[in-house]
Amino acid sequence: MNDNHPLQTIETVLLVAVGGAIGANLRYVVGLALPGLWGTFTANVTGCFLLGLLLYENRYISLLADRSRAVFGTGLLSSYTTYSTFAVETVQTAPVWGVVNIVANYTSGFAAVLLARAVTLRLSGVTKEVLTR
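Next comes the structure, spelled out in structure tokens:
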């Protein structure tokens with residue numbers, strides 16, 4: 073069956089839905105363990121790291137199938153991370169803590185992606201010389 077076959081598309085959509093259900097439940101568990109800002113921060117930063125691993129794995133190692141990346145990236149991680157909760161919680165805090173929350177989430181999220189890149193590069197054996205060409 074080719075990649076454009078309608079059954080292939082339906083299968084991918086269903087797999088993304090399953091990934092989304094798993095991600096939403098993982099997010100709920102994180103929220104139970106770490107309520108409020110800390111839970112949202114933890115989910116978003118770990119989600120950034122995992123999505124970074126997934127994206128850089130595709131670029132430097134490429135062991136996973138595209139459909140697997142869709143399940144984990146679009147399904148699981150998109151429902152695990154939560155921009156809407158981040159926005160609501162930020163608005164509901166005192167202005168100073170809202171700014172701290174914004175800076176902490178974005179700075180840590182970008183740092184997590186860079187860390188994921190470094191981990192993936194190390195695992196792949198790509199050297200700095202290859203990256204600068």
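Counting in the numbering used here, the sequence shown runs from 73 upward without gaps. Heads up, the beta-carbon is just placed ideally off N, CA and C, and yes, glycines get one too.
What residue range is occupied by the uninterrupted alpha helix (DSSP H) comprising residue i?
i	result
Ser196	Pro167 to Ser196
Once DSSP output is grouped into helix, strand and coil, what is the label at residue i?
i	result
Asn97	helix
Thr154	coil
Who are the near neighbours of residue i in its chain, counting only those whose CB is closer than 7 Å to its CB and skipping five residues on each side?
i	result
Ser151	Gly92, Gly95, Ala96 and Arg99
Thr112	Thr154, Thr157, Phe158 and Glu161
Given residue i, which residues of its chain have a CB within under 8 Å of its CB, disregarding the five upstream and five downstream residues?
i	result
Phe121	Ala184, Val185, Leu187 and Ala188
Gly124	Ala184, Val185, Leu186, Leu187, Ala188, Arg189 and Thr192
Val168	none
When burial is assigned at 16 or more other CB atoms within 10 Å of the CB, is residue i buried or exposed?
i	result
Thr81	exposed
Gly108	exposed
Phe182	exposed
Whole alpha helix (DSSP H) elements within the region 84-143, 4-residue minimum: Listed in chain order, the alpha helix (DSSP H) elements of length 4 or more contained wholly in the region 84-143 are 109-132 and 138-141.
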